[in-house]
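A.B. asks:
Number of protein chains: 2
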Amino acid sequence: MEIRTGYADYNYTIHVDYGILKDCIFRYTASYNSVHFLVDQNVHALYKDGLLSFVQNPIILEGGEASKSFDAFKHITETLLERGIQRNHLVVVIGGGATGDAGGFAAATVLRGVDYIQVPTTLLAHDSSIGGKTAINSTHGKNLIGVFHRPKAVIYDLTFLETLPQHELLSGFGEVFKHALLKDEKTVKRLMDATSNGVSLDMMKPFIISGIETKMHYVTSDEKESGIRKYLNLGHTLGHAIEYKYKMPHGMAVVLGLYFMMFASNEEADRNIFDLDLFRQYFELHGYPLEQLGTIDEAEMMTLMGKDKKNQSTDATGFVLMHDFGQCYFTEIDSSQLKKYISQLKESL
Amino acid sequence: MEIRTGYADYNYTIHVDYGILKDCIFRYTASYNSVHFLVDQNVHALYKDGLLSFVQNPIILEGGEASKSFDAFKHITETLLERGIQRNHLVVVIGGGATGDAGGFAAATVLRGVDYIQVPTTLLAHDSSIGGKTAINSTHGKNLIGVFHRPKAVIYDLTFLETLPQHELLSGFGEVFKHALLKDEKTVKRLMDATSNGVSLDMMKPFIISGIETKMHYVTSDEKESGIRKYLNLGHTLGHAIEYKYKMPHGMAVVLGLYFMMFASNEEADRNIFDLDLFRQYFELHGYPLEQLGTIDEAEMMTLMGKDKKNQSTDATGFVLMHDFGQCYFTEIDSSQLKKYISQLKESL
Ligand SMILES: NC(=O)c1ccc[n+]([C@@H]2O[C@H](COP(=O)([O-])OP(=O)(O)OC[C@H]3O[C@@H](n4cnc5c(N)ncnc54)[C@H](O)[C@@H]3O)[C@@H](O)[C@H]2O)c1
Ligand SMILES: NC(=O)c1ccc[n+]([C@@H]2O[C@H](COP(=O)([O-])OP(=O)(O)OC[C@H]3O[C@@H](n4cnc5c(N)ncnc54)[C@H](O)[C@@H]3O)[C@@H](O)[C@H]2O)c1
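Heads up: the protein sequence lines correspond to chains U and C, in order.
In case it helps, UniProt numbering puts the first sequence at residues 1 to 349.
In case it helps, UniProt numbering puts the second sequence at residues 1 to 349.
#1: Is there a Cβ of chain U sitting closer than 7 angstroms to that of residue 132 of chain C, yes or no?
#2: Any heavy atom of ligand 1 closer than 6 angstroms to the Cβ of residue 43 of chain U?
#3: Going by the CB atoms, is the gap between residue 228 of chain U and residue 218 of chain U shorter than 7 angstroms?
#4: For residue 324 of chain C, which beta-bridge partners are listed by DSSP?
#5: Would you say residue 234 of chain U faces chain C, with C-beta separation under 7 angstroms as the test?
#6: Please report whether the beta-carbon of residue 142 of chain C lies at a distance below 7 angstroms from any beta-carbon of chain U.
#7: Am I right that residue 125 of chain U and residue 102 of chain U are in contact with their C-beta atoms under 8 angstroms? What's the rounded C-beta distance?
#8: Since residue 133 of chain C sits in a beta bridge, which residues does DSSP pair it with?
#9: Please compile the residues from chain C whose C-beta is within a distance smaller than 9 angstroms of the C-beta of residue 114 of chain U.
#10: Less than 7 angstroms between C-beta atoms, sequence neighbours within five positions excluded: which residues of the same chain meet that for residue 1 of chain C?
#11: Compute the beta-carbon to beta-carbon distance between residue 119 of chain C and residue 21 of chain C, rounded to the nearest angstrom, for a pair I have assumed lies under 8 angstroms.
#12: Report whether the distance from the Cβ of residue 220 of chain C to the nearest heavy atom of ligand 2 is below 6 angstroms.
#13: So what does residue 39 of chain U bridge to, in DSSP terms?
#14: Quick one: using the 10 Å Cβ neighbour count with 16 as the cut-off for buried, is residue 151 of chain C buried or exposed?
#15: Where do the N-terminal and C-terminal ends of the alpha helix (DSSP H) with residue 292 of chain U fall, by residue?
#16: Checking contacts by CB at 7 angstroms: is residue 77 of chain C closer than that to chain U?
#17: Listing by chain order, which chain C residues have their CB less than 7 angstroms from the CB of residue 145 of chain U?
#18: Does DSSP classify residue 206 of chain U as helix, strand or coil?
#19: How about residue 174 of chain C and residue 252 of chain C: do their beta carbons lie closer than 7 angstroms?
#20: Which residues in the same chain have their Cβ closer than 7 angstroms to the Cβ of residue 97 of chain C, if we skip the five residues on either side of it in sequence?
#21: Would you verify that the beta carbon of residue 215 of chain C is, or is not, closer than 7 angstroms to some beta carbon of chain U?
#22: Does DSSP put residue 193 of chain C in a helix, a strand or coil?
#23: Report back the beta-carbon spacing between residue 140 of chain C and residue 168 of chain U to the nearest angstrom; my notes put them in contact at under 8 angstroms.
#24: Given that residue 82 of chain U touches chain C, what residues does it touch there, using C-beta distances under 8 angstroms?
#25: So, using beta-carbon positions, are residue 257 of chain C and residue 236 of chain C closer together than 7 angstroms?
#26: Please report whether the beta-carbon of residue 74 of chain U lies at a distance below 7 angstroms from any beta-carbon of chain C.
#27: Are there any heavy atoms of ligand 2 lying less than 6 angstroms away from the beta-carbon of residue 163 of chain C, as far as the coordinates show?
#28: Should residue 121 of chain U be listed as close to ligand 1, given that the test is whether its C-beta is under 6 angstroms from any heavy atom?
#29: Does the Cβ of residue 260 of chain C lie closer than 6 angstroms to at least one heavy atom of ligand 1?
#30: Is the shortest distance between the beta-carbon of residue 173 of chain C and the beta-carbons of chain U less than 7 angstroms?
#31: I'd like to confirm something about residue 250 of chain C: is its beta-carbon nearer than 6 angstroms to some heavy atom of ligand 2, or not?
#32: For residue 40 of chain U, count neighbouring Cβ atoms within 10 angstroms of its own Cβ and tell me buried if that reaches 16, exposed if not.
#33: Go ahead and label residue 67 of chain U buried or exposed: buried means 16 or more other beta carbons lie within 10 angstroms of its beta carbon, across all protein chains shown.
#34: Taking the continuous alpha helix (DSSP H) assigned at residue 347 of chain C, which residues delimit it?
#35: Hey, how far is the Cα of residue 194 of chain U from the Cα of residue 247 of chain U?
#36: Could you give the residue range of the beta strand (DSSP E) that holds residue 14 of chain U?
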């Protein structure tokens with residue numbers, strides 16, 4: 001399966017399937033004088049004798065957020081330069097969303113930008129590898145330093161997902177679910193039916209592809225997030241605050257944020273757009289810790305949400321809510337109203 | 001004097017004159033929610049009670065290359081974030097080329113890019129502040145990490161130049177001279193006449209403006225240096241090697257590189273495009289250490305030039321030479337030929 005981006009220029013292809021990595025990579029590397037591989041250390045350990053046996057002399061990045069520090073940034077760029085990287089070389093970044101963000105930022109800045117390919121290896125990275133955002137973390141928050149730098153291709157070999165720990169699968173599934181909500185009610189229903197006995201990989205491919213297409217729709221019409229790209233933040237405003245406070249995997253926190261989004265959307269519209277009982281049951285069945293929402297502190301959450309880089313006002317908090325499945329809108333909820341919504345949600349649990 | 005860039009989009013104005021800073025800045029800041037000033041420490045010390053007395057609570061950067069380290073990059077971005085920078089804030093970078101490069105890179109990456117204004121304070125920065133290149137240094141070479149990020153404006157208040165030490169003036173003048181060569185013979189003659197009694201600021205304004213216009217011509221037609229932007233490297237290939245080896249100010253080394261360029265252009269064309277005696281006398285009169293060229297080691301220079309990030313071949317070295325004043329071409333000179341040119345030049349001195 002190949003999906004082509006729809007920008008005005010600098011388009012690229014997203015290849016999604018099982019067992020495509022090696023052939024696909026070689027199609028691209030042929031036109032470069034040399035290739036540098038940046039590989040997540042856990043992925044390297046799991047696949048160095050298998051899927052990645054063709055990878056020579058990789059630069060190994062610590063898996064996860066550790067690769068998104070300033071020190072790691074220095075290490076990656078200096079190592080690329082030590083190895084003599086030139087403008088006609090290619091960088092291939094293999095790993096989860098964190099590796100993709102860090103490796104992408106290094107590729108974007110070394111020699112003022114060289115070509116790179118994203119090879120996402122987690123379910124969540126179906127999301128993070130699309131859209132050209134690269135980043136490292138600040139002590140003041142995640143992803144606060146970075147640039148936009150489109151890859152030359154994304155090669156998403158779903159074989160990698162087979163070794164994902166269950167909590168990483170659930171975390172990635174949070175974004176798959178979000179993309180279904182952003183699409184339409186039919187997609188949400190089909191996804192819930194397909195996963196009624198639990199989240200497993202077998203049935204995931206069509207939903208991953210649909211998720212990628214949905215994300216691409218938003219990012220191609222608004223790369224720099226001045227307009228509708230914001231809608232991709234569905235569930236993320238409270239989600240980020242919960243992720244930060246409880247050190248919960250990103251996509252799991254997003255599911256909790258989506259549940260609050262459903263609650264608030266119903267309240268603002270004064271009608272039941274979302275059947276809260278149904279979704280609550282579904283999320284709990286799959287192991288998302290919705291009960292955590294019952295323990296959050298209103299004031300603390302509101303402070304954390306105020307720090308979100310997308311929030312520019314202090315008295316009100318910007319939220320993406322829904323008029324209906326597939327129909328987002330952006331609104332500012334003022335502090336007292338927001339506090340009320342959070343309290344009501346807590347009571348309802 | 002205002003010069004407008006000629007890109008397809010994201011154009012900006014370069015304001016050049018005496019005493020324009022404050023009024024000009026306020027014209028821009030009005031449309032931002034807040035402004036953050038990054039100021040070179042030497043410039044701050046000299047002007048905090050004068051030209052910069054309106055600047056509140058600046059972030060002070062070490063002057064010179066010290067501000068282009070990874071540590072300084074971390075310090076600048078983290079300080080901006082600590083001060084609560086938001087996407088609708090403006091960064092104003094005040095200082096020489098080094099401060100401009102470092103501050104520009106911070107503005108380009110914090111929150112994935114915020115608007116910024118360059119306020120160059122050295123003669124050399126008439127060059128470095130135009131073109132949108134930002135950078136920090138690697139242990140493997142200067143300017144190896146960075147991005148392209150166009151400013152919203154360049155405000156070049158020539159009053160700052162009055163406190164420049166003589167060697168910095170001479171260094172900046174090297175690039176003024178290069179821009180005259182890139183323009184035409186008439187401009188070179190006028191510049192040489194105007195400076196026949198030494199380089200001073202009084203007569204510099206028209207040549208600075210002409211230099212900016214010349215640089216802009218090259219960068220707007222080729223922002224990412226795949227074609228004619230390369231011509232701006234006139235004199236820089238050997239210049240960079242000399243700068244590195246002898247720790248000479250950039251523009252002074254460039255003058256030595258320009259002299260070699262003239263020599264090699266004559267040789268390659270087999271005619272006297274440039275009157276070498278005339279230029280040698282002129283450069284020596286102004287204090288450029290041409291005698292250093294007599295002591296360079298061929299092999300060492302060739303190794304250093306091979307490391308230049310613009311050189312992608314190993315057996316030959318890419319050079320910008322001239323068919324005539326204002327008429328550049330790019331050529332690769334193979335190793336044995338290059339060695340011969342350097343030896344001949346040494347003997348001629
Ligand atoms: N750029 C964007 O647009 C964007 C969007 C969303 C999230 N993100 C970023 O993505 C990151 C989260 O991504 P993630 O969830 O993939 O996290 P991750 O990269 O930290 O990976 C999670 C863990 O799984 C391991 N892993 C990766 N692939 C594996 C595999 N195939 N088998 C077994 N283990 C594997 C990793 O080593 C790591 O320990 C965050 O840093 C977030 O900020 C970026
Ligand atoms: N981005 C580009 O396109 C580009 C082009 C050329 C050069 N550069 C970079 O520019 C830098 C060189 O620029 P530079 O020569 O301006 O060096 P600089 O910024 O290091 O300044 C030189 C010295 O002069 C001091 N200074 C600055 N303004 C002064 C003033 N008005 N009065 C007195 N002292 C003052 C500084 O504190 C410093 O000590 C290098 O880092 C080079 O890589 C960038």
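Ideal placement from N, C-alpha and C gives every residue a C-beta, glycine not left out.
C.D. replies: According to the structure shown:
#1: no
#2: yes
#3: yes
#4: C:327
#5: no
#6: no
#7: Wrong, their Cβ atoms sit about 12 angstroms apart, outside the cutoff.
#8: C:148
#9: Near residue 114 of chain U there are no residues of chain C at all, since even the closest Cβ is about 11 angstroms away, more than 9 angstroms.
#10: 16, 17, 209
#11: 7 angstroms
#12: no
#13: U:60, U:94
#14: buried
#15: Careful: residue 292 of chain U lies outside any alpha helix (DSSP H) and carries neither H nor E.
#16: yes
#17: 77, 109, 110
#18: helix
#19: yes
#20: 122, 124, 125, 128
#21: no
#22: helix
#23: Between residue 168 of chain U and residue 140 of chain C the Cβ distance is about 36 angstroms, and since that is not below 8 angstroms, they are no contact.
#24: 140
#25: yes
#26: yes
#27: yes
#28: yes
#29: no
#30: no
#31: yes
#32: buried
#33: buried
#34: 335-348
#35: 29 angstroms
#36: 13-17
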